[in-house]
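The next block holds one structure in the form of structure tokens; read it before the comments.
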Amino acid sequence: MSVLGPRVRQGPRPALSRRFVAEHEGRRRYADLASVAAVAPGRGWRRVQYWTFAGVSDIGTVGQLRESSLSYDLTVITARPMGWEAPKTRGHVHTAPGLPGMSYPELYEVLEGHAGFFVQDLRPGPRATVAKLIEASAGQVVLVSAGLHHSTLNLGSTRLVVADVICRDSADEYEELEAAHGLAYYIRADGGAEVNPRYRSVPDLERSVAGGQVPDVEGSLYEQLVERPASLEWLCRPVRSAPALTRDTVKRNQGTGFRSPDGLTD
Ligand SMILES: [Fe+2]
Numbered sequence: 072m073s074v075l076g077p078r079v080r081q082g083p084r085p086a087l088s089r090r091f092v093a094e095h096e097g098r099r100r101y102a103d104l105a106s107v108a109a110v111a112p113g114r115g116w117r118r119v120q121y122w123t124f125a126g127v128s129d130i131g132t133v134g135q136l137r138e139s140s141l142s143y144d145l146t147v148i149t150a151r152p153m154g155w156e157a158p159k160t161r162g163h164v165h166t167a168p169g170l171p172g173m174s175y176p177e178l179y180e181v182l183e184g185h186a187g188f189f190v191q192d193l194r195p196g197p198r199a200t201v202a203k204l205i206e207a208s209a210g211q212v213v214l215v216s217a218g219l220h221h222s223t224l225n226l227g228s229t230r231l232v233v234a235d236v237i238c239r240d241s242a243d244e245y246e247e248l249e250a251a252h253g254l255a256y257y258i259r260a261d262g263g264a265e266v267n268p269r270y271r272s273v274p275d276l277e278r279s280v281a282g283g284q285v286p287d288v289e290g291s292l293y294e295q296l297v298e299r300p301a302s303l304e305w306l307c308r309p310v311r312s313a314p315a316l317t318r319d320t321v322k323r324n325q326g327t328g329f330r331s332p333d334g335l336t337d
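Residue numbers (our numbering): 72 to 337.
This is the structure in structure tokens:
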């Protein structure tokens with residue numbers, strides 16, 4: 072049986088395709104991103120930069136997916152830049168409530184458009200010792216390892232739609248990146264990169280293109296979550312990530328941007 076995943080209708084206010092519902096819907100305006108944006112919002116402060124649909128399921132599997140330990144979410148990011156900066160999400164790191172120093176990984180899948188996944192560590196200073204921009208197109212899956220701050224950017228000229236699967240036990244922590252005024256690099260709408268001047272030190276930006284397979288991921292994430300949920304349960308295994316990422320952990324996260332699920336329990 073093939074499971075058709077959700078789509079997002081076109082239009083000024085994106086909406087889920089028929090038969091799909093979300094547990095929570097949200098949106099962020101340019102003004103909501105002021106604390107992490109390179110260019111302060113001017114007259115465009117009210118403009119919605121992206122929409123979120125969390126806990127998405129089709130009406131036939133609502134019960135199954137709401138009781139799942141995993142959440143399937145969608146994010147729709149407009150193609151309109153923020154000044155000279157490429158449109159992006161606010162950015163966060165995952166924490167595990169009740170488990171200090173632990174974090175969860177997250178799987179992303181591009182459904183429409185051309186994405187950039189920015190991942191970095193964040194140390195006091197602020198300083199970063201790893202900063203990567205992984206580009207991905209429709210159909211590609213990217214793993215964001217536990218403990219890394221991350222943001223999704225729209226690097227294309229059309230809207231971007233990405234899906235993600237994340238453990239429901241995970242919580243998003245935004246304040247650390249906001250204290251650093253955003254990512255270690257601001258990515259320009261023309262593709263260039265500017266160092267965030269608030270950082271005391273940053274590494275060279277490592278650029279890569281998603282490729283190959285993420286282990287244990289086959290077909291669309293939605294189909295896999297509905298048909299073979301046990302194959303994604305490793306996303307709910309928290310990984311130790313504090314007080315700071317070790318150099319070894321950073322090394323494992325370099326290269327393709329993928330990390331074997333086997334390594335997630337290290
Ligand atoms: Fe996340």
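Ideal placement from N, C-alpha and C gives every residue a C-beta, glycine not left out. Computed from a predicted model, the values in this text were never measured in an experiment.
- Of the other Cβ atoms in all chains shown, fewer than 16 fall within 10 Å of the Cβ of residue 95; this residue is therefore exposed.
- Assignment of beta strand (DSSP E) within the segment 89-160, counting only whole runs of 3 or more residues, yields 95-100, 119-125, 141-148 in chain order.
- Contact between the segment 212-229 and the segment 170-184 is present: 3 or more CB-CB pairs across the two stretches fall below 8 Å.
- No Cβ-Cβ contact shorter than 8 Å links residue 307 with residue 243.
- Shown here, residue 285 sits in coil according to DSSP, grouped into three states, outside any helix or strand.
- Nearest to residue 123 by C-alpha distance, out of 231, 273, 294, 171, is 231.
- In chain order, 144, 177, 179 place their CB closer than 6 Å to the CB of residue 235, counting only its own chain and leaving out the 5 sequence neighbours on each side.
- Taking the Cβ of residue 165 as the reference point, at least one heavy atom of ligand 1 falls within a distance shorter than 7 Å.
- In this structure, residue 220 has its CB at a distance of at least 7 Å from all heavy atoms of ligand 1.
- The alpha carbon of residue 162 has as its nearest neighbour, out of 85, 105, 309, the alpha carbon of 105.
- Taking residue 188 as the centre and dropping the five residues before and after it, the same chain places the C-beta of 179, 205, 207, 213, 215, 221, 223 closer than 7 Å to its C-beta, in chain order.
- Under the three-state reduction of DSSP, residue 255 is assigned to coil, being neither helix nor strand.
- Taking 7 Å as the cut-off, the C-beta of residue 237 counts as close to a heavy atom of ligand 1.
- Taking a contact to require three or more Cβ pairs closer than 8 Å, the segment 78-96 and the segment 185-204 do not qualify as touching.
- Contact annotation: residue 127 and residue 83 have beta-carbon atoms that are not nearer than 8 Å.
- Residue 178 sits in a strand when the DSSP states are folded into three classes.
- Between the beta-carbon of residue 190 and that of residue 219 there is about 4 Å, and that keeps the pair under the 8 Å contact cut.
- Close CB contacts of residue 99 within its chain, under the 6 Å cut and outside five residues either way in sequence, are with 120, 121 (chain order).
- Relative to ligand 1, residue 177 has its C-beta within less than 7 Å of a heavy atom.
- Less than 8 Å separates the beta-carbon of residue 302 from that of residue 287.
- Within a 10 Å sphere around the beta-carbon of residue 258 sit 16 or more other beta-carbons, which makes this residue buried.
- Positions of the alpha helix (DSSP H) runs, each at least 4 residues long and wholly inside the segment 219-274, are given as 246-250 in order along the chain.
- In terms of Cβ geometry, residue 281 and residue 211 form a close pair [threshold 8 Å].
- In the three-state scheme derived from DSSP, where H, G and I count as helix and E and B as strand, residue 295 is classed as helix.
- Between residue 146 and residue 233, the CB-CB gap stays under 8 Å.
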